[in-house]
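Residue 62 in full-length UniProt numbering sits at position 62 of the sequence shown, and the numbers go up by one each step. Glycine included, each C-beta is placed from N, C-alpha and C at the ideal position. Below is one structure, written out as structure tokens, with a few remarks after it.
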Amino acid sequence: MIAMIDFAHVFSIPQLFGYLAFIFGVGCFLQKSDVRFKVFMSIECISYVIHFWLLGNFTACASSAVSVGRSLAAIRSKSPWVALFFILLSLAMGAWLATSWLSMLPILASCSGTTALFLLKGIRMRLLMLVGTTLWLVNNILSGSIGGTMLEATIFVTNCWTIYRMHREHRDNAEVDPVPEP
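What follows is the structure in structure tokens.
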């Protein structure tokens, strides 16, 4: 799995799909709407499926494929049973395809993302997504994914910025309409 980034292939077909994932991933974490967040994430994951397949990282490819379904299902469902289904599916794919503990990074990231998307919302959802972002960042560096590495580094910063904006908006609304004391 350890390929590291090869800058001689910056414009290869696999890297171009990584750049496409980068564009949709940044768009995803700029969204304050949870539904738009999940739609953008689905498109990002489709780009990642092709990207990682072409790079030969099949656990990341499988994890991204599960994440497409998971992100779309999370738009309509908040069921812990649906979340459990996607977590178990991710773990099964990891057990089937993993070649080392490092190849489990995208699987663990997917499980983190599934928990966040189904069981959390708003700031808490985005905080748990930071855990997955960190796991994906390490995976992408080791896979040689230029766009993916740029994406996860950017997502980290963008997601932190969005969390800050959401926190500030929540704080400002609380100041304007304070809860009366008993």
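Examine the Cβ distances between the segment 134-144 and the segment 72-85 and report whether three or more of them are shorter than 8 Å.
no
So within the segment 32-57, which uninterrupted beta strand (DSSP E) runs reach at least 3 residues, ignoring any that extend past its ends?
none
Do H51 and A21 have their beta-carbon atoms positioned less than 8 Å apart in this structure?
yes
Alpha carbon to alpha carbon, how far is D34 from E169? Give it in angstroms, no decimals.
16 Å
Nearest residue (CA-CA) to P14, options A174, T114, A109, G148:
G148
How should Y48 be labelled, buried or exposed, when 16 other C-beta atoms within 10 angstroms of its C-beta is the threshold for buried?
buried
Given 8 Å, three or more beta-carbon pairs between the segment 53-66 and the segment 24-31:
no
Let me make sure I understand the geometry here. Which of E152, N173, N140, L151 has the alpha-carbon closest to that of A60?
N140
How many angstroms separate the CA atom of T114 from the CA atom of N173?
29 Å
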